[in-house]
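Notes follow once the structure below has been shown.
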Amino acid sequence: MEKSQKIISNDRISLWKRAEHFAEKYPQRTFYIMFGLIFFSVLFSIGNLIYVQKVSVPQYEKMKKQNILTDATASFGAGVRETEKIMDIRQALKELDYYRRKTVLSASDSVRIKYLLDKYQIKNKR
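Numbering (our numbering), first residue to last: 1 to 126.
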């Protein structure tokens with residue numbers, strides 16, 4: 001009966017405790033595993049930055065050609081859509097105000113600013 005209780009108690013050890021035991025028993029392997037995870041994380045981040053740069057700029061050009069606000073007055077729910085447009089413009093102005101206060105802008109921030117300015121035809125006062 002003691003063996004079955006011992007087996008059950010070993011099954012209850014949490015994943016974190018098993019990881020700690022492994023790290024204590026094999027410190028060099030643990031270091032290699034952690035270093036490998038960091039290495040793959042850096043590679044993934046660099047790949048993501050390259051992907052965003054290649055995709056977001058052409059996507060901005062595509063969105064620039066589409067005018068979402070056309071034909072809103074000809075539709076059945078014109079009043080609701082006009083109200084939604086006003087709410088969208090207010091949200092865009094809040095977002096632009098946030099970017100104006102931000103000290104350092106990333107490439108995706110600049111693309112988003114250009115998109116908002118072109119989408120709502122907001123004139124730059126500078």
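Beta carbons: idealized from backbone N, C-alpha and C, even for Gly. Only a predicted model underlies this, so the values are computations on that prediction, with no experimental measurement involved.
Inset, instruction - Output the distance between the C-alpha atoms of Gln91 and Leu105, rounded to the nearest integer angstrom. - result: In the sequence shown, residue 91 corresponds to position 91, counting from 1. In the sequence shown, residue 105 corresponds to position 105, counting from 1. When rounded, the distance between both Cα atoms is 19 Å.
Inset, instruction - Can you grab the Cα-Cα spacing for the pair Glu19 / Gly36, in whole Å? - result: Counted from its first residue, the sequence shown places residue 19 at position 19. Counted from its first residue, the sequence shown places residue 36 at position 36. The identity of residue 19 in the sequence shown is Ala, whereas the question assumes Glu. Taking the straight line from one Cα to the other gives about 16 Å.
Legend entry - Backbone secondary structure at Ser14 - three-state DSSP: Residue numbering aside, residue 14 sits at position 14 when the sequence shown is read from its first letter. Reduced to three states, the DSSP call for Ser14 is coil.
Inset, instruction - Give the straight-line distance between the Cα atoms of Tyr107 and Lys123, rounded to the nearest whole angstrom. - result: The residue given as residue 107 occupies position 107 in the sequence shown. The residue given as residue 123 occupies position 123 in the sequence shown. For clarity, residue 107 is Ala in the given sequence; the question names Tyr instead. C-alpha separation (whole angstroms): 21 Å.
Legend entry - Closest residue to Gln121 among Leu93, Ile13 and His21 (Cα-Cα distance): To locate residue 121, count along the sequence shown from 1; it is residue 121. The residue with the shortest Cα to Cα distance from Gln121 is Leu93.
Legend entry - Cβ neighbour criterion (16 or more within 10 Å) applied to Val111: Along the sequence shown, one-based indexing puts residue 111 at 111. Flag for Val111 reads buried.
Legend entry - Cβ-based neighbour list, Glu95, same chain, cut-off 8 Å, excluding 5 preceding and 5 following: Position 95 of the sequence shown, counting from 1, holds the residue named residue 95. Result list for Glu95: Arg112 and Leu116, in chain order.
Legend entry - Coarse secondary structure for Thr30, derived from DSSP in three states: Taking the first residue of the sequence shown as 1, we reach residue 30 at position 30. In this structure, Thr30 counts as helix in the three-state DSSP scheme.
Legend entry - Under the three-state DSSP convention, the category Tyr120 falls into: Residue 120 sits at position 120 when you count from the first residue of the sequence shown. If DSSP states are grouped into helix, strand and coil, Tyr120 belongs with coil.
Legend entry - Same chain, Cβ closer than 7 Å to Val52, neighbours up to 5 away in sequence not counted: One-based indexing of the sequence shown puts residue 52 at position 52. So the qualifying residues of the chain are Ser108.
Inset, instruction - Can you tell me which of Lys114, Ile86 and Ile50 puts its alpha carbon nearest to the alpha carbon of Asp99? - result: Locating residue 99 in the sequence shown gives position 99, counting from the first residue. Correcting the residue identity first, residue 99 is Tyr in this sequence and not Asp. Measuring from the Cα of Tyr99, the nearest candidate turns out to be Lys114.
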